[in-house]
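Q: Convert by adding 3 to the 1-based position in the sequence shown; the result is the number in my numbering. Idealized CB from N, CA, C, for every residue including glycine. The structure displayed is predicted, hence computed values, not measured ones. Handing you a structure now.
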Amino acid sequence: MKRLILAGGGHAHLHVLLTLARKKPQGVEIVLISPFGRQIYSGMLPGWMAGHYQLDQCVAYLERLARVAGVRFVQDEVIRLDANCSLIGCAQSGEFGYDLLSIDTGAMADTSTLAATGARLLPIRPLEAFVVGWERQLANFIQTGAARLAVVGAGAAGVELALAARHRLTTMLDKAHVEVFLIEGGGLLRGHGDQVVQRIARELTTRGVQRIASRAAGSPAGLVFPDGSELAIDCVIGTTGVVPAPWIASSGLARADDGFIAVADGQRSASHPQVFAAGDVATRIDQPHAKSGVYAVRAGPALSANLLNTLVGRPIEPHRPQRRSLYLLATGPREAIVSWSGWTSGGAWAWRWKDWIDRRFMKQYAIASSST
Ligand SMILES: Cc1cc2nc3c(=O)[nH]c(=O)nc-3n(C[C@H](O)[C@H](O)[C@H](O)COP(=O)(O)OP(=O)(O)OC[C@H]3O[C@@H](n4cnc5c(N)ncnc54)[C@H](O)[C@@H]3O)c2cc1C
4 MKRLILAGGG
14 HAHLHVLLTL
24 ARKKPQGVEI
34 VLISPFGRQI
44 YSGMLPGWMA
54 GHYQLDQCVA
64 YLERLARVAG
74 VRFVQDEVIR
84 LDANCSLIGC
94 AQSGEFGYDL
104 LSIDTGAMAD
114 TSTLAATGAR
124 LLPIRPLEAF
134 VVGWERQLAN
144 FIQTGAARLA
154 VVGAGAAGVE
164 LALAARHRLT
174 TMLDKAHVEV
184 FLIEGGGLLR
194 GHGDQVVQRI
204 ARELTTRGVQ
214 RIASRAAGSP
224 AGLVFPDGSE
234 LAIDCVIGTT
244 GVVPAPWIAS
254 SGLARADDGF
264 IAVADGQRSA
274 SHPQVFAAGD
284 VATRIDQPHA
294 KSGVYAVRAG
304 PALSANLLNT
314 LVGRPIEPHR
324 PQRRSLYLLA
334 TGPREAIVSW
344 SGWTSGGAWA
354 WRWKDWIDRR
364 FMKQYAIASS
374 ST
């Protein structure tokens, strides 16, 4: 019997599980390896932080989806891969051989410059650790009646998290005792159009987020700036970029310049035809694009088809990533800002649109897993 291993329960693999739930190939053992029994949907995380969602509404239950799809679920973490010998190693469960491997394990938060912040640092990934850390932090803020928080990194995620934190904290504490800083050392919303950046800048100011256009490193008090000045902070949320997991470097797989798995058309590894990868863990060397959830989701159907095609010896299907993508940025209260190819608009209607898209996306996994 052949064995297909799905490493990680990211966005593209959610689609693979749905596909397998509809039609499982014969004569194949399929194994899903994931450290958690659920996948938290990052698109709804700022809404959860702001208090608009229960966490349960923002998760897909991987273990249940795997059961419906007839896939064996191994709750564990991949820690090594030998692509030349087709062996994948887990922290607790040992090694698995495979005939076909699909990797959708995402990226790791790069918070190396913030390490000196110690226990005050709350990295955004893994999301499971982040949600526990944020709830603990909220309880501390409520107890002391005051909050000084900084988000380091002003990409789309950093902006949304700063606005969500500010909104939540001001609904729970006296406004005069809430300070939220956004550290924009790498620029504000790089890659988005000028109009979008200006609109977000206005929104941050209106909502009371204090912007600091400087690089910052961690310090025991919170943050330290290049001129030596320090900012005392209770909680530093790090969204300073992503790096690949260390096991990718030693896997033998071809890697792109950014260190992530190099994949070509159809999400197939550029070096090992029996390995596929999608989402943030992979870099399309033929058609480079930003690392964001939209691309991970859109790769799902092609990845599903190509895994099934490869199992039966059929040629793989091409997958052309879209050139532009729509961003709907949550701004704290039930409002959002649209960023589309340099164009922007926003308000309560944009939140309703985002909310509808996100709930519809998650509903498909809730329906599938409720049939067990
Ligand atoms: C707050 C926030 C908001 C965001 N909002 C948006 C948005 O609105 N739109 C957008 O396009 N992008 C958004 N992003 C970016 C988006 O989260 C990522 O691009 C997206 O999650 C990548 O999907 P993925 O499938 O590659 O990996 P992930 O979603 O990171 O999933 C990886 C999975 O693999 C598992 N895993 C990790 N390591 C291992 C291992 N060693 N072994 C086994 N399993 C492992 C993880 O537990 C997880 O289940 C946001 C990011 C953040 C932080």
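Indicate whether Ala333 and Trp354 have their beta-carbon atoms separated by less than 8 Å.
A: Contact: yes.
Q: Along the chain, where does the alpha helix (DSSP H) that runs through Arg227 open and close?
A: According to the sequence displayed, residue 227 carries Val and not Arg. Premise fails: Val227 lies in the beta strand (DSSP E), Gly225 to Val227, not in any alpha helix (DSSP H).
Q: Hey, could you find the ends of the beta strand (DSSP E) Tyr64 is sitting in?
A: Start and end: Val62 to Tyr64.
Q: Quick check: Gly13 and Ala248, are their CB atoms within less than 8 Å of each other?
A: Taking 8 Å as the Cβ cut-off, Gly13 and Ala248 do not qualify as a contacting pair.
Q: Quick check: is any heavy atom of ligand 1 less than 7 Å from the C-beta of Ile186?
A: No, the Cβ of Ile186 stays beyond 7 Å of every heavy atom of ligand 1.
Q: State buried or exposed for Arg75, treating a residue as buried only when at least 16 other CB atoms are found within 10 Å of its CB.
A: That one is exposed.
Q: To the nearest angstrom, report how far apart Thr120 and Leu310 are at their CA atoms.
A: Looking at the two C-alpha atoms, the distance is approximately 43 Å.
Q: If you draw a straight line from the alpha carbon of Gly50 to that of Leu234, how long is it in whole angstroms?
A: Roughly 27 Å separates the two Cα atoms.
Q: So, for Met47: in the same chain, excluding its five sequence neighbours on each side, which residues have a beta-carbon less than 8 Å away from its beta-carbon?
A: These residues qualify, in order along the chain: Tyr56, Gln60, Cys61, Asp361 and Met365.
Q: Hey, would you say the C-beta of Leu399 is under 7 Å away from at least one heavy atom of ligand 1?
A: Residue 399 lies beyond the range of the chain shown here (4 to 375); nothing can be said about it.
Q: Which residues does DSSP list as the beta-bridge partners of Glu98?
A: Per DSSP, Gly92.
Q: Is the beta carbon of Ala259 closer than 8 Å to that of Leu236?
A: According to the sequence shown, residue 236 is Ile rather than Leu. No.
Q: Measuring CA to CA, which of Val154, Phe228 and Ser372 is closest to Leu3?
A: It is not possible to answer for residue 3, since the shown part of the chain is limited to 4 through 375.
Q: Can you check which of these residues, Gly161, Thr209 and Leu256, is closest to Leu90 by C-alpha distance?
A: Taking only the C-alpha atoms, the option nearest Leu90 is Leu256.
Q: Could you tell me whether the stretch 192-204 touches the stretch 168-181, where touching means 3 or more Cβ pairs closer than 8 Å?
A: Cβ pair count under 8 Å is below three, so no.
Q: Which residues share a DSSP beta bridge with Lys5?
A: Answer by DSSP bridge pairing, in chain order: Val31.
Q: As a quick exercise: from Val77, Asp197 and Leu117, pick the residue whose alpha carbon is nearest that of Glu98.
A: The shortest Cα separation from Glu98 among Val77, Asp197 and Leu117 belongs to Val77.
Q: Since Ser328 contacts Val297 with CB under 8 Å, what's their CB separation in whole angstroms?
A: That pair is a contact at about 4 Å.
Q: Our contact map puts Ile319 next to Ile106 with C-beta atoms below 8 Å; I'd like the distance itself, whole angstroms only.
A: So it is not a contact: roughly 16 Å between Cβ atoms.
Q: Could you tell me the boundaries of the beta strand (DSSP E) in which Arg41 lies?
A: Where Arg41 is concerned, the enclosing beta strand (DSSP E) stretches over Arg41 to Ile43.
Q: Helix or strand or just coil, what does DSSP make of Gly262?
A: Here Gly262 sits in coil by DSSP.
Q: Hey, how far is the Cα of His18 from the Cα of Gly221?
A: Roughly 38 Å separates the two Cα atoms.
Q: What are the boundary residues of the alpha helix (DSSP H) that Gly350 is part of?
A: Unbroken run through Gly350 is the beta strand (DSSP E), Trp346 to Gly350; no alpha helix (DSSP H).
Q: When we look at the beta-carbon of Val315 and count the other beta-carbons within 10 Å, is it buried (16 or more) or exposed?
A: By the 10 Å Cβ count, Val315 comes out exposed.
Q: Indicate, with yes or no, if ligand 3 has a heavy atom lying under 7 Å from the CB of Asp107.
A: For ligand 3, the structure offers nothing, since it holds only ligand 1.
Q: Can you give the beta carbon distance from Ala160 to Ile127, rounded, assuming they're within the 8 Å contact cut?
A: With a Cβ gap of about 6 Å, Ala160 and Ile127 count as contacting.
Q: Tell me whether Ala265, by its Cβ, gets closer than 7 Å to a heavy atom of ligand 1.
A: No, Cβ of Ala265 sits at least 7 Å from all heavy atoms of ligand 1.
Q: Have a look at Val199, Ala252 and Gln290 and flag the residue whose alpha-carbon is nearest the alpha-carbon of Ala339.
A: Ala339 has its Cα closest to that of Val199, out of Val199, Ala252 and Gln290.
Q: Name the two residues that bound the continuous alpha helix (DSSP H) containing Pro247.
A: No alpha helix (DSSP H) contains Pro247, which DSSP labels as neither H nor E.
Q: Assign Val71 to one of three DSSP states: helix, strand, or coil.
A: In the structure shown, Val71 sits in a helix (DSSP, three-state: H, G or I).
Q: Classify Glu138 as helix, strand or coil using the three-state DSSP reduction.
A: In the structure shown, Glu138 sits in a helix (DSSP, three-state: H, G or I).
Q: Can Gln42 be considered in contact with ligand 1, in the sense that its beta carbon sits closer than 7 Å to one or more heavy atoms?
A: Flag set: Cβ of Gln42 near ligand 1.
Q: From the DSSP output, read off the bridge partner residues of Phe379.
A: Because the chain spans 4 through 375 in this model, residue 379 falls outside it and cannot be assessed.
Q: At what residues does the beta strand (DSSP E) containing Val181 begin and finish?
A: Element bounds for Val181: Val181 to Ile186.
Q: Using 8 Å as the threshold, is the stretch 63-72 in touch with the stretch 127-142, meaning 3 or more CB pairs across them?
A: No, they do not touch.
Q: List in chain order: all unbroken alpha helix (DSSP H) runs of 4+ residues lying wholly within the stretch 159-223.
A: DSSP runs (the alpha helix (DSSP H)) wholly in the stretch 159-223: 159-175 and 197-209.
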